[in-house]
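The structure under discussion appears below in the form of structure tokens.
Chains as they are written, first to last, in the working numbering: chain A, 1 to 355; chain B, 1 to 355.
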């Protein structure tokens, strides 16, 4: 539709994908699944509904160049770097203000640059339903049918009777639960994963921000028009003063009348770790996944990614092996979530060369 | 002593040390333990008894250049390449003939280029005893006091009453035993590991060869004098016709009146695999050994060797991780003996670049 826009949030560091992910080359620009990078796949997936000229991308100063290089089809001026990371609320507020000034009828969807969706056609059906409801003035969220009691995601609680693909009232947002709660959520059938995909007309967003995050909203109001020469300098000044807070916490949990679209079987994954990549890719008969030349001897359940060299695995199980020219990771697959801890250690040791 | 000579056998491929060991850079020329390579350490260790000008080295055509480079103190003409590998009997016979022609009083010791001896001073005492007995006309072998029931070595059986450091009659040589036999051997106190170190006057060796391996002995007799111009060409012709057989099997097991010198506590190791290297080097509190920069998180009992890059291990146990520019090995430490099998696979696949 002529007034549908997409904001792709692409500022994350993705430290769990070290040593492939680095400050200037983090998860969303990596080809961790498939030939194209995650952000390229995101743009490809949205294309039937949102042509590239309708996409805006907010990222970090470190990543802007690489993203610009990877997405030649997106107008350059629509790829913006946040002066500093301030979580999602200020970023979304900023994009909301820009879009509103350019098209007061804008209906805006928010997407992550680093997720995978295995069934994009089915996903697009749900997306259309979400945009339609947003165009009617609602705040809308996609809910992903949970496949296990994940404690790392927030949940969207629907009222009884919500049906797949139908915009339905959201009872409440729930932050990352403990395992027992997560199990209850999944068993109930009314709780869906919150994948960070939101939809609204820009005035609805800006009003909600003004109401629930007034300080940041006022700061963003002081920005000149996006097409003005002074915009960039003023953004450098204003953005660091915004509150560091997620849109979920700042707005969604507080807003009234939010609708959700329950989605099932779209093959969604947030590709949260090397183990998620392992799970997403096809395995050989011994459960091994090789993204580069590998020789498996008496080895099962391993993931290998080492461009330009042969990796021989002998008698090992369930390992992640990721090799780069200056760093090599060998990790237990079950502990792949903890790879970010290695990056923290390297930061403490001031190993800028490896970050 | 003026007529003591050493022959260092340095023709092995050491495929268990892949990916560091390659055809032209195999185990004996690698610094797997310490700064100096194993063959350099061998020469260093013998020096108090055998100055470099008394050493002869037999190796393969692949390794000759690298060995010559590593051992500038050994006269170049004394570093010889076997035209083809023919196991130890022809190599020792060849060296015996050369030494005999240059010094009819030569007493010759045979050593491996790829062993480690942790206590070289104590070792030298045993070595002197062996040379003295050999000078008196005996065939002499060193026996290494066994530290576990190894099934990968041959054993030397002594008569009752043999004493450490005293040349004593050998009852029999035993080839690699099954585990039950190895246990009996070790329990008996009379069985010592055969480490391939032999001593004899050259006429004693040549007579034994003529008696027990007459075909090969006759072939070697057709060689001209070592200092003759035609030596090298004739060697190319003759050597490939020699029998492929070990000196143990060809001569020692059959010879009468062999003496052995029982050795204890010399810290001998044949450095048979990456696991042996791991065992030889100092460990940190978690049992990890890092030969290059490494970061261990929740990881125990690992060996890391990857020059020029940081290796991060996360939640893994008892792994061998050896990285080179074109190949990376990740192996269970308990299966380090099987690394040679990877090389066999690469040979089958004609991956000459990785051999």
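Ideal placement from N, C-alpha and C gives every residue a C-beta, glycine not left out.
Residue j beta carbon less than 8 angstroms from that of residue i
| i | j | result |
| --- | --- | --- |
| residue 343 of chain A | residue 15 of chain A | yes |
| residue 281 of chain A | residue 299 of chain A | no |
| residue 223 of chain B | residue 251 of chain B | no |
| residue 169 of chain A | residue 259 of chain A | yes |
| residue 43 of chain B | residue 58 of chain B | no |
| residue 30 of chain B | residue 20 of chain B | yes |
| residue 12 of chain A | residue 27 of chain A | yes |
| residue 120 of chain A | residue 155 of chain A | no |
| residue 5 of chain B | residue 124 of chain B | no |
| residue 267 of chain A | residue 165 of chain A | no |
| residue 327 of chain B | residue 311 of chain B | no |
| residue 140 of chain A | residue 158 of chain A | no |
| residue 130 of chain B | residue 3 of chain B | no |
| residue 146 of chain B | residue 198 of chain B | no |
| residue 339 of chain A | residue 329 of chain A | yes |
| residue 200 of chain B | residue 108 of chain B | yes |
| residue 239 of chain B | residue 86 of chain B | yes |
| residue 354 of chain B | residue 23 of chain B | no |
| residue 173 of chain A | residue 194 of chain A | yes |
| residue 277 of chain A | residue 290 of chain A | no |
| residue 9 of chain A | residue 97 of chain A | no |
| residue 112 of chain B | residue 196 of chain B | yes |
DSSP beta-bridge partners of residue i
| i | result |
| --- | --- |
| residue 14 of chain A | In DSSP, residue 14 of chain A forms no bridge with anything. |
| residue 22 of chain A | A:25 |
| residue 261 of chain B | B:142 |
| residue 305 of chain A | A:322 |
| residue 290 of chain B | B:304 |
| residue 156 of chain A | A:173 and A:192 |
| residue 5 of chain B | B:108 |
| residue 201 of chain A | A:107 |
| residue 268 of chain B | B:117 |
Alpha-carbon spacing of residue i relative to residue j, whole angstroms
| i | j | result |
| --- | --- | --- |
| residue 160 of chain A | residue 325 of chain A | 54 angstroms |
| residue 92 of chain A | residue 110 of chain A | 8 angstroms |
| residue 41 of chain A | residue 116 of chain A | 8 angstroms |
| residue 90 of chain A | residue 78 of chain A | 17 angstroms |
| residue 76 of chain B | residue 270 of chain B | 26 angstroms |
| residue 33 of chain B | residue 337 of chain B | 17 angstroms |
| residue 162 of chain B | residue 70 of chain B | 39 angstroms |
| residue 287 of chain B | residue 52 of chain A | 54 angstroms |
| residue 206 of chain B | residue 309 of chain A | 49 angstroms |
| residue 126 of chain B | residue 179 of chain B | 29 angstroms |
| residue 114 of chain A | residue 142 of chain A | 16 angstroms |
CB contact below 8 angstroms: residue i versus chain A
| i | result |
| --- | --- |
| residue 338 of chain B | yes |
| residue 311 of chain B | yes |
| residue 335 of chain B | yes |
| residue 297 of chain B | yes |
| residue 306 of chain B | yes |
| residue 170 of chain B | no |
| residue 71 of chain B | no |
| residue 30 of chain B | no |
Exposure of residue i, with buried meaning 16 or more beta-carbon neighbours within 10 Å
| i | result |
| --- | --- |
| residue 332 of chain B | buried |
| residue 233 of chain B | exposed |
| residue 218 of chain A | exposed |
| residue 48 of chain B | exposed |
| residue 148 of chain B | exposed |
| residue 228 of chain A | exposed |
| residue 248 of chain A | buried |
| residue 136 of chain B | exposed |
| residue 95 of chain A | buried |
| residue 151 of chain B | exposed |
| residue 323 of chain B | buried |
| residue 214 of chain A | exposed |
| residue 72 of chain A | exposed |
| residue 104 of chain B | exposed |
Near the ligand GTP: residue i beta-carbon under 7 angstroms from a heavy atom
| i | result |
| --- | --- |
| residue 217 of chain B | Looking for the ligand GTP in the displayed structure turns up nothing, as the structure carries no ligands at all. |
Chain B contact for residue i (CB, 8 angstroms cutoff)
| i | result |
| --- | --- |
| residue 331 of chain A | yes |
| residue 348 of chain A | no |
| residue 342 of chain A | yes |
| residue 260 of chain A | no |
| residue 223 of chain A | no |
| residue 319 of chain A | yes |
| residue 314 of chain A | yes |
| residue 325 of chain A | yes |
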